[in-house]
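**Q**
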Amino acid sequence: MIKNLVFDFGGVIASISRDNAVRTFTRLGVADAEHILDKYHQTGIFQELEEGKLSEAEYRQRLGGLCGRSLGYGEVQQAWLGFITGVDVEQLRYLERLRGRYRLYLLSNTNPYVMGWACSPRFTAEGKPLEEYFDGLYLSYRLGATKPDARVFECLLRDEALVPGETLFVDDGPSNIEVARRLGMHTLLAENGVSWKDRLERLLGADAVTL
Numbered sequence: 397m398i399k400n401l402v403f404d405f406g407g408v409i410a411s412i413s414r415d416n417a418v419r420t421f422t423r424l425g426v427a428d429a430e431h432i433l434d435k436y437h438q439t440g441i442f443q444e445l446e447e448g449k450l451s452e453a454e455y456r457q458r459l460g461g462l463c464g465r466s467l468g469y470g471e472v473q474q475a476w477l478g479f480i481t482g483v484d485v486e487q488l489r490y491l492e493r494l495r496g497r498y499r500l501y502l503l504s505n506t507n508p509y510v511m512g513w514a515c516s517p518r519f520t521a522e523g524k525p526l527e528e529y530f531d532g533l534y535l536s537y538r539l540g541a542t543k544p545d546a547r548v549f550e551c552l553l554r555d556e557a558l559v560p561g562e563t564l565f566v567d568d569g570p571s572n573i574e575v576a577r578r579l580g581m582h583t584l585l586a587e588n589g590v591s592w593k594d595r596l597e598r599l600l601g602a603d604a605v606t607l
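Quick note on this note's numbering: the sequence shown kicks off at 397 and runs consecutively.
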């Protein structure tokens, strides 16, 4: 029986566009944004930020060096939010209904800029921050590692005392899904920009996930 639901953020809770993010960082002044940014896993200082190896201020200083000028928090945050193309409010309302039956967690490769927005009333038109939809947020920059590193999943399972066989993980990254499967979790591979609600409901109704 499934008792716990774990969701990725980008590509699952929020629709994302890597191409749009490349454009926003290029406008910021990052000359090689095309080669730095990735949908699932960043590189260089972008990856160091998401792993918590660089603080927000350290990252912004390093990024300013790439751009040849000093950067303010707001303009860097707007560049990162270039990844986000939308949040489906109906899916968020569905999460609220799910919390009546399951424990819900977020497990995401992310950074202080994106979460600074998501964990604020600006996240939705209803003024509800991200944490109001979950029982816990497990964020890469706080954990010190990014998916698909198994330690990220193990930290969640250990800290929340979750039984893998009672836990369903929803992510749009095949490599992340594979690690979750190896750890004994049920999985659902989502597609960015496509609602997963009906598929999840069918799977939960059957209490068995073999995707």
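Yeah, the Cβ is synthetic: ideal placement off N, Cα and C, and Gly gets one too.
Just so it is clear, the structure is predicted and the values come from calculations on it, not from any experiment.
Thinking C-alpha only, which one of L596, K449, E556, F549 is nearest M581?
**A** Indexing the sequence shown from 1 puts residue 581 at position 185. The candidate whose alpha carbon is nearest that of M581 is F549.
**Q** Say whether the stretch 572 to 590 touches the stretch 539 to 547, bearing in mind that this needs 3 or more beta-carbon pairs closer than 8 Å, one atom from each stretch.
**A** Touching, yes.
**Q** Leaving aside the five residues before and after G470 along the sequence, list all residues of the same chain whose C-beta is less than 7 Å from its C-beta, in chain order.
**A** Walking along the sequence shown from the start, residue 470 turns up at place 74. For G470, where only same-chain residues beyond five positions count, there are no Cβ hits under 7 Å.
**Q** Taking the continuous alpha helix (DSSP H) assigned at A541, which residues delimit it?
**A** Translated into positions along the sequence shown, residue 541 becomes position 145. No alpha helix (DSSP H) contains A541, which DSSP labels as neither H nor E.
**Q** Counting only the same chain and skipping the five closest in sequence on each side, list residues whose C-beta sits under 8 Å from that of Y490.
**A** Counting from one through the sequence shown, the residue named residue 490 turns up at place 94. Around Y490: K593.
**Q** Taking all protein chains shown into account, decide if L607 is buried (16 or more other Cβ within 10 angstroms of its Cβ) or exposed.
**A** Mapped onto the sequence shown, residue 607 falls at position 211. Per-residue confidence for L607 stands at a pLDDT of 36, beneath the threshold of 50, marking its modelled position as unreliable; no derived number is given.
**Q** Confirm, please, whether the CB-CB distance from I398 to Y498 is below 8 Å.
**A** Reading the sequence shown from its first residue, position 102 is the one you call residue 498. Reading the sequence shown from its first residue, position 2 is the one you call residue 398. In contact: Y498 and I398 (Cβ atoms closer than 8 Å).
**Q** Mapping DSSP to helix, strand and coil, what is S504?
**A** Looking up residue 504 in the sequence shown gives position 108. Strand.
**Q** Work out the CA separation of G440 and L425 for me, nearest whole Å.
**A** Here residue 425 refers to the residue found at position 29 when the sequence shown is read from its first residue. Here residue 440 refers to the residue found at position 44 when the sequence shown is read from its first residue. Per the sequence presented here, residue 425 reads as Gly, with Leu not at that position. The straight-line gap from Cα to Cα measures roughly 16 Å.
**Q** Once the 5 residues before and after E446 are set aside, which same chain residues still bring their CB inside 8 Å of it?
**A** The count along the sequence shown starts at 1 and reaches residue 446 at position 50. If we look at E446 and ignore the five residues flanking it on each side, its Cβ neighbours are Q438, N505, T506, N507, S536, Y537, T542.
**Q** Where does L433 sit, in a helix, a strand or coil, going by DSSP?
**A** Reading the sequence shown from its first residue, position 37 is the one you call residue 433. DSSP places L433 in coil when its eight states are reduced to three.
**Q** Buried or exposed, going by whether 16 or more other CB atoms sit within 10 Å of the CB of D603?
**A** Within the sequence shown, numbered from 1, the residue matching residue 603 stands at position 207. Any reading at D603 must be qualified, since the residue scores a pLDDT of 49, below 50, and its modelled position is unreliable; the value itself is stated next. Counting Cβ neighbours within 10 Å, D603 comes out exposed, since fewer than 16 surround it.
**Q** DSSP puts I412 in a beta bridge; with which residues?
**A** The sequence position of residue 412 within the sequence shown is 16, counting from 1. DSSP lists I480 as partners of I412.
**Q** CB L502 to CB Y534, shorter than 8 Å?
**A** Residue 502 sits at position 106 when you count from the first residue of the sequence shown. Residue 534 sits at position 138 when you count from the first residue of the sequence shown. Contact: yes.
**Q** Using only alpha-carbon positions, find the residue among G561, E522, D567, L558 that is nearest to F405.
**A** For the purposes of this step, residue 405 is taken as residue 9 along the sequence shown, with counting starting at 1. Residue D567 is the option with its Cα nearest to F405.
**Q** Would you report the Cα separation of Q487 and L401, rounded to the nearest angstrom?
**A** Position 91 of the sequence shown, counted from the first residue, corresponds to residue 487. Position 5 of the sequence shown, counted from the first residue, corresponds to residue 401. Answer to the nearest angstrom: the Cα atoms are 14 Å apart.
**Q** CA-CA distance, H431 and F421?
**A** Taking the first residue of the sequence shown as 1, we reach residue 431 at position 35. Taking the first residue of the sequence shown as 1, we reach residue 421 at position 25. So the two alpha carbons sit approximately 11 Å from each other.
**Q** Thinking just about the alpha-carbon of each residue, which of G532, E527, V510 is nearest to the one in G482?
**A** Reading the sequence shown from its first residue, position 86 is the one you call residue 482. That would be V510, whose Cα lies nearest to the Cα of G482.
**Q** On the DSSP letters alone, give me the boundaries of the alpha helix (DSSP H) that V485 sits inside.
**A** The count along the sequence shown starts at 1 and reaches residue 485 at position 89. Its alpha helix (DSSP H) spans residues 485 to 494.
**Q** For D567, list the residues DSSP reports as bridge partners.
**A** If you number the sequence shown from 1, residue 567 lands on position 171. Paired residues: L585.
**Q** Where does V418 sit, in a helix, a strand or coil, going by DSSP?
**A** On the sequence shown, position 22 is the one that residue 418 refers to. Note: V418 maps to helix in three-state DSSP.
**Q** Under 7 Å Cβ to Cβ from C463, same chain only, skipping five residues before and after it: list those, please.
**A** Taking the first residue of the sequence shown as position 1, residue 463 is located at position 67. The residues are L424, G425, V426.
**Q** Which partner residues does R499 have in the DSSP bridge list?
**A** The residue given as residue 499 occupies position 103 in the sequence shown. Partner(s): N400.
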